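**Student:** For the sequence shown, full-length UniProt numbering assigns the number 1 to the initial residue and increments by one for each residue that follows.
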Amino acid sequence: MIKNICCIGAGYVGGPTMAVIAKKCPHIKVTVVDLNQDRIDAWNNEDLKKLPIYEPGLDEVVQEARGRNLFFSTEVDKAIEEAEMIFISVNTPTKTYGVGKGMAADLKYIELCARQIARVAKEDKIVVEKSTLPVRTAQAIKNILDHTGNGVNFQILSNPEFLAEGTAIEDLFEPDRVLIGGDTTPEGEKAIQQLVDVYANWVAKDNILTTNVWSSELSKLTANAFLAQRVSSINAMSELCEKTGADVNEVAKAIGMDSRIGPKFLKASVGFGGSCFQKDILNLVYIAKTYGLNEVADYWEQVIVMNDHQKRRFAKNIISTLYNTVSGKKIAFLGWAFKKDTNDTRESAAIYVADDLISEQAIISIFDPKVGKEQILLDLNYLETRSGEENNKYVQIESDPYKVAKDSHAIAVLTEWDEFKSYDWQKIYDSMLKPAFVFDGRNLLDKKELEKIGFIYQTIGS
Ligand code: NAD
Ligand code: UGA
C-alpha cells in the first residue's frame, strides 16, 4: 500500500488534487513540491485567503490536511527520494520556439522532472503523469528514466486530470470518472492497482477506469477537444441566430433536451478561455499532422478558428455599435478571469477583447472580484501588441465596480461572476454617459430589467 506520495508542480492541478488526496487518505503523506518559492510560501500561508489559487472550498480542505499529512515544499529531491509514487503535474504550455512553435506542447518541464527523478531515485518508483501530455509521452519518460537512472525500476502511469477550475473541489470529491492507464505487464498492472487503491478511498470502484497507457493519454486530449468543440459549435450558431432572429439560448435548450446531445457546454459566450482548451487542441492538431492526418488536423483546428472569430467579433461589434469609433471612450469591463469562481486569467477572452479595443484607442476600465492590476497588465503585455507603458496608459483597474462604470460609454461583461447580477443597475445607468450600452458576453444579465432602466443591451446570439 502506498504511504508516501510526492507531486511535482503546485499549480492549479497539483495543489487542489493533492489537497483532496491528503484529505481523503489521512494514512498517506502527501508532499507537493515546486521550484517557485513564492507559490510554496503562499500554499503555506497561515491566512487561507492568501492561497495562490482561488477555488471554492479549497481553503477548508487545505486547513484540514495541511501540517497533518499534506506538506508544501521546495525541497524537490528530498520529496522524490521519500515517495513511492511521484505525480508529475507541471505545466505543458504551447511551444513558443523551434519546431512545432505555436502548436506542439512544450515538454521541457516534463523532461526536467523525469531527469531529476532518475537522478535522485535510489528505490523503485511509480511515476504518474498528471499533466496533460501528447499521446506516447510515457515512452519518452520511460526512456529517460531507464537510461539516466540508478538501475531501479520505474512504472509509468497516465492519470489525466479532468477537474474544471471554479469547481475543482466538487469535481475531485465526485469525479465522473478517474482514468488510469498503465502497462499491460504484471508489473504495470500492479502499479495500476496501487493507484486505484488510493482513489478507492473515496471514489466508487465503478468510476475508476483502467486502460492501456496510450488510450489514457489520448482520452484526455480527446475530452478537452470534444468539450471545446461544443462551445465553438454553439458559438457558431450564435452568429447565425443574430442574423435570423433565432435566440441561441432557446436553440441550446431545444437541442440540449435531446438526450443524445445533452444540456451541458452549450452556453454561447464571448469565446472559451483557460489554459487548456486551446493548448490541447493545438497539440492534437500537431500530433495529427505529424502522422500525416491532415483532414483530422483541419477538422479540429476549426474549433480554434471559430473561437478566435468569436472573440474578435465581440470587440468589432462594440466598435461598430459605438458609432464606429471608441477612440478616447471609456469601456467598462466586468470580469477578467476566463470563467467565474477562479482567479485564473490564462487565455481569457477578456484579454483579446481588451487588446482589440486598445488598438482602437479605447480606455478600458476593469473590475474583477479576484484578479488584480498586476495580473491584468501582465496578461496584456504578454501579447506584445504594444509596450507595457502604453498598455498602462489605456488601462484603469478598480476595486469597485461602480467606479468602473462611472462616466463610461459602455459596459462589457466578460466573465459570468454571479455578483454582477445583483448590482444596482439603476445606479450604474445613472452614472454612465448616454446612450448607455451593455454588451453581455455571457448572456448573464436580465435583458428586460436592463432595457426597462434604459440601457441598450446586446447579448450573444439573439
Ligand atoms: P500551473 O502552471 O498552474 O502549475 C505548474 C507548476 O509546476 C508551476 O507552479 C511551476 O513552477 C511548476 N514546475 C514547473 N517545472 C517544475 C519543475 N521542474 N520542478 C518543480 N516544479 C515545476 O499549471 P496547471 O494549471 O496546474 O497545469 C498543470 C498540468 O495539468 C498541465 O499539463 C495542464 O494541461 C494540466 N491540466 C490543467 C487543468 C487546469 O484546470 N488548470 C486541468 C486538467 C489538467
Ligand atoms: C476544462 C475542462 O472542462 C476540464 O474537464 C479539464 O480538466 C480542463 O479544461 C483542463 O484540462 O484544463 P476549465 O478550462 O477549467 O476546464 O473550465 P471549463 O468549465 O471547461 O470552461 C472553459 C471555457 O469555456 C471557459 O472560458 C468557459 O467560460 C467556456 N465555456 C464553457 C463556454 O463558453 N460555454 C460553455 O457552455 C462552457
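Positions of the beta carbon are idealized from the N, C-alpha and C atoms, including for glycine. No experiment lies behind these values; they were computed from the predicted model shown.
Buried or exposed for Tyr382, going by 16 or more other Cβ atoms inside 10 Å?
**Tutor:** By one-based count along the sequence shown, residue 382 stands at place 382. Exposed: under 16 other Cβ atoms inside 10 Å.
**Student:** Would Met432 pass as a contact of Leu282 if the rule is Cβ separation under 9 Å?
**Tutor:** On the sequence shown, residue 432 is found 432 positions in, with the first residue counted as 1. On the sequence shown, residue 282 is found 282 positions in, with the first residue counted as 1. No, Cβ-Cβ distance for Met432 and Leu282 is not below 9 Å.
**Student:** With distances taken between CB atoms, is the gap from residue 541 to Ile376 smaller than 9 Å?
**Tutor:** Outside the shown range of the chain (1 to 462) lies residue 541, about which nothing can therefore be said.
**Student:** With Gly256 as the anchor, note down where its alpha helix (DSSP H) starts and where it stops.
**Tutor:** Counting from one through the sequence shown, the residue named residue 256 turns up at place 256. It spans Val248 to Gly256 - the alpha helix (DSSP H) in which Gly256 sits, taken as one unbroken run.
**Student:** What are the partner residues of Leu240, as DSSP defines its beta bridges?
**Tutor:** By 1-based counting over the sequence shown, the position of residue 240 is 240. In the DSSP output, where bridge partners are listed per residue, Leu240 has none listed.
**Student:** Going along the chain, which unbroken runs of the alpha helix (DSSP H) with 4 or more residues stay wholly within the stretch 89-161?
**Tutor:** Counting only runs of 4 or more, we get 108-120 and 137-148.
**Student:** In this structure, how does DSSP classify Gly182 when only helix, strand and coil are distinguished?
**Tutor:** Position 182 of the sequence shown, counting from 1, holds the residue named residue 182. It is a strand residue.
**Student:** Mark Ile261 as exposed unless 16 or more other C-beta atoms lie within 10 angstroms of its C-beta, in which case mark it buried.
**Tutor:** As a first step, residue 261 must be located in the sequence shown, where it is residue number 261. Exposed, because fewer than 16 other Cβ atoms sit within 10 Å of the Cβ of Ile261.
**Student:** Quick one: what's got a C-beta closer than 7 Å to Ser259's C-beta in the same chain, skipping five residues either side?
**Tutor:** Within the sequence shown, the letter at position 259 stands for residue 259. Nothing listed; no residue qualifies.
**Student:** Is it right to say Gly151 is buried, meaning 16 or more other beta carbons lie within 10 angstroms of its own, or is it exposed?
**Tutor:** Taking the first residue of the sequence shown as position 1, residue 151 is located at position 151. That one is exposed.
**Student:** Let me check understanding here. Comparing Cα to Cα, which of Ala362, Phe265, Leu58 and Gly9 lies closest to Asp38?
**Tutor:** Taking the first residue of the sequence shown as 1, we reach residue 38 at position 38. The residue with the shortest Cα to Cα distance from Asp38 is Gly9.
**Student:** Just verifying my parser: in three-state terms, what is the DSSP assignment at Gln361?
**Tutor:** Walking along the sequence shown from the start, residue 361 turns up at place 361. Gln361 falls in the coil class under three-state DSSP.
**Student:** Does the beta-carbon of His147 have 16 or more other beta-carbons within 10 angstroms, so that it is buried, or is it exposed?
**Tutor:** The residue given as residue 147 occupies position 147 in the sequence shown. Exposed.
**Student:** Rounding to the nearest angstrom, what Cα-Cα distance links Cys7 and Ser216 in this structure?
**Tutor:** Position 7 of the sequence shown holds residue 7. Position 216 of the sequence shown holds residue 216. Taking the straight line joining both Cα atoms gives about 19 Å.
**Student:** In its own chain, which residues sit with a C-beta less than 7 Å from the C-beta of Val203, not counting the 5 before and 5 after it?
**Tutor:** Along the sequence shown, one-based indexing puts residue 203 at 203. Cβ neighbours of Val203 beyond the five flanking positions: Pro175 and Val178.
**Student:** Go to Ser320, then tell me how far its alpha helix (DSSP H) extends in each direction, as first and last residue.
**Tutor:** By 1-based counting over the sequence shown, the position of residue 320 is 320. Asn294 to Thr321 is the extent of the alpha helix (DSSP H) around Ser320.
**Student:** Identify every run of the beta strand (DSSP E) within the stretch 55-95, keeping only runs that are complete inside it and at least 3 residues long; order them along the chain.
**Tutor:** With a minimum length of 3 residues, the continuous beta strand (DSSP E) runs that stay inside the stretch 55-95 are 70-73 and 85-88.
**Student:** In terms of alpha-carbon separation, which member of Val285, Glu189 and Tyr12 lies closest to Glu165?
**Tutor:** Taking the sequence shown and counting its residues from 1, one reaches residue 165 at position 165. Of Val285, Glu189 and Tyr12, the residue nearest in Cα terms is Tyr12.
**Student:** What are the boundary residues of the beta strand (DSSP E) that Asp440 is part of?
**Tutor:** Reading the sequence shown from its first residue, position 440 is the one you call residue 440. It spans Phe437 to Asp440 - the beta strand (DSSP E) in which Asp440 sits, taken as one unbroken run.
**Student:** Based on the DSSP secondary-structure assignment, which residues constitute the bridge partners of Cys6?
**Tutor:** Position 6 of the sequence shown, counting from 1, holds the residue named residue 6. Answer is Thr31 and Ile86, bridged to Cys6.
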